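Residue numbers (our numbering): 237 to 553.
We put the beta carbon where it would ideally sit given N, CA and C, even for glycine.
This structure is a prediction, so every number in the text was calculated from the model and none was measured.
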Amino acid sequence: MWTSSCWSAKPSARSRPENARAACAIVLTLPQQVEDVRHNMEMWHSLGLSEARWVDSAEAAKMVPVLNVDDVLGCTYCPTDGIASPADVTSGYASAARRRGARLKEGVEVVGIDVGGGRVQGVRTSAGDIATRVVFNCAGAWSASIGRMAGLEIPVLPYRRHIAVTGTFPAVPRNSPMTVDFQTSLYFHPEGDGVLIGMSDRTEPPGYVTDVNWEFLEKMFEQAARRAPALASAGIKTAWAGLYETTPDHQAILGPVPELEGFWCAAGFSGHGFMQAPAAALLLAQLLLEHRSEIDISPFAFTRFGQGSLVHERNVI
Numbered sequence: 237m238w239t240s241s242c243w244s245a246k247p248s249a250r251s252r253p254e255n256a257r258a259a260c261a262i263v264l265t266l267p268q269q270v271e272d273v274r275h276n277m278e279m280w281h282s283l284g285l286s287e288a289r290w291v292d293s294a295e296a297a298k299m300v301p302v303l304n305v306d307d308v309l310g311c312t313y314c315p316t317d318g319i320a321s322p323a324d325v326t327s328g329y330a331s332a333a334r335r336r337g338a339r340l341k342e343g344v345e346v347v348g349i350d351v352g353g354g355r356v357q358g359v360r361t362s363a364g365d366i367a368t369r370v371v372f373n374c375a376g377a378w379s380a381s382i383g384r385m386a387g388l389e390i391p392v393l394p395y396r397r398h399i400a401v402t403g404t405f406p407a408v409p410r411n412s413p414m415t416v417d418f419q420t421s422l423y424f425h426p427e428g429d430g431v432l433i434g435m436s437d438r439t440e441p442p443g444y445v446t447d448v449n450w451e452f453l454e455k456m457f458e459q460a461a462r463r464a465p466a467l468a469s470a471g472i473k474t475a476w477a478g479l480y481e482t483t484p485d486h487q488a489i490l491g492p493v494p495e496l497e498g499f500w501c502a503a504g505f506s507g508h509g510f511m512q513a514p515a516a517a518l519l520l521a522q523l524l525l526e527h528r529s530e531i532d533i534s535p536f537a538f539t540r541f542g543q544g545s546l547v548h549e550r551n552v553i
């Protein structure tokens, strides 16, 4: 909810990207998915997300004309969901941070973390050493490496994810919502004059490879053609791969690490980071500066892994 408010704020206040687009439809094909989502929808409504609603297959076909709904039991739809350009958002965050006095050092590698007396003492970088008593590990897929520099094992693994963009493809209307096939993890949405398509390879082991696997892209487009037959004629204009940062329970690690005073985490968002980042940042700032946060984030503490208190979520894509 906070993130939605962040995107809805004035651009001058929040550096909101002008090309942000709203609405998302999640396609469900199994009875258990429907049961889980109906339970989640009750929770969403109780928290004030009243715009989220259930859509039957007939309405889904009208919303997304290319959608094959033969096996679809229903969809969730929320008009206030949205997507935005990661590059624009990152640039907006950086600009806002600089306006508020932050100094950003680009192209500088962290090579070590100095520890002494049970706490953080400084950071060593390729551009020199920085004395500090607080470090935030926000290194995404590389968070485990940063943790090891401080003698900590941060349970974050990198997983490759692929994205492809088609050439001009008017069969998918520009106002179509982002559409996610929950069973296969396939998703697509309008992107420029074409369509952006992505899907997880659930059989691939963790690693830092970001080369495009063209054999997997063939499988991805086969799945896309099953869910949206019109996409069978779409050609690939460009494709790339990046890394997800994933924890054992697919939830972020937020807050201080008790084993080392001054070492904090905001990592392992497992694909939720773009959505959760504004709220997570605000709550972590409150916890650091005021020793309390408006919302209790202890369920996301680093200690949950050693205690066996993992976060259970009904729907993780």
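Terminal residues of the continuous beta strand (DSSP E) containing residue i?
i: P560; result: Residue 560 is absent from the model: the chain starts at 237 and stops at 553.
i: P426; result: 423-427
i: A475; result: 472-482
i: L432; result: 430-435
So what does DSSP say about residue i, is it helix, strand or coil?
i: R410; result: coil
i: R396; result: strand
i: R274; result: helix
i: E549; result: coil
i: D417; result: strand
i: V325; result: helix
i: A261; result: strand
i: L490; result: strand
i: P334; result: The sequence as given places Arg at residue 334; Pro does not occur at that position. Looking at R334 - three-state DSSP - the assignment turns out to be helix.
i: T446; result: coil
i: A439; result: Per the sequence presented here, residue 439 reads as Thr, with Ala not at that position. Correct three-state label for T439: coil.
i: V239; result: Note on identity: in this sequence residue 239 is Thr, with Val being the wrong assignment. Three-state DSSP puts T239 in a helix.
Can you tell which of the options has its C-alpha closest to the C-alpha of residue i?
i: A261; options: P442, E295, V371; result: E295
i: L496; options: V305, V347, V371, G337; result: V371
i: V221; options: C314, N373, C242; result: Outside the shown range of the chain (237 to 553) lies residue 221, about which nothing can therefore be said.
i: L523; options: G491, T539, F536, Q512; result: G491
i: S412; options: T402, T404, V431; result: V431
i: R182; options: G358, V263, N304; result: Since the first and last residues shown for the chain are 237 and 553, residue 182 lies out of range.
i: T420; options: V448, F510, G403, Q459; result: Q459
i: V291; options: N276, V308, L283, F505; result: V308
i: A375; options: L266, V392, A332, N449; result: V392
i: R355; options: A521, F499, S327, A503; result: F499
i: S379; options: A521, F505, V547, I319; result: F505
i: Y423; options: E440, D429, P409, R463; result: R463
i: L266; options: D417, L518, A377, A363; result: D417
i: P409; options: P426, A330, G284, S362; result: P426
i: H486; options: D324, H527, R540; result: R540
Considering residue i, what are the terminal residues of the alpha helix (DSSP H) in which it resides?
i: L453; result: 450-463
i: A296; result: 293-299
State yes or no: is the C-beta of residue i nearer than 6 Å to some heavy atom of the ligand GDP?
i: P484; result: Ligands displayed in this structure: none; no statement on the ligand GDP is therefore possible.
Return the chain-ordered ranges of every alpha helix (DSSP H) run that is complete within the segment 493-543 and spans a minimum of 4 residues.
509-526, 540-543
Start-end ranges of the alpha helix (DSSP H) lying completely within the segment 336-384, minimum 4 residues:
Annotation note: the segment 336-384 contains no uninterrupted alpha helix (DSSP H) run of length 4 or greater.
Quick test of the definition: if touching needs 3 or more C-beta pairs under 8 Å, does the segment 389-399 touch the segment 436-445?
yes
Does the segment 343-353 come within contact of the segment 382-390, defined as at least 3 CB pairs closer than 8 Å?
yes
Taking three-plus beta-carbon pairs below 8 Å as touching, is the segment 526-540 in contact with the segment 453-470?
no
Counting beta carbon pairs with one atom in the segment 474-491 and one in the segment 442-452, are three or more of them shorter than 8 Å?
yes
When you compare the segment 454-464 with the segment 506-514, are there three or more beta-carbon pairs, one atom per stretch, that lie closer than 8 Å?
Judged by Cβ distances under 8 Å, the segment 454-464 makes no contact with the segment 506-514, as fewer than three pairs qualify.
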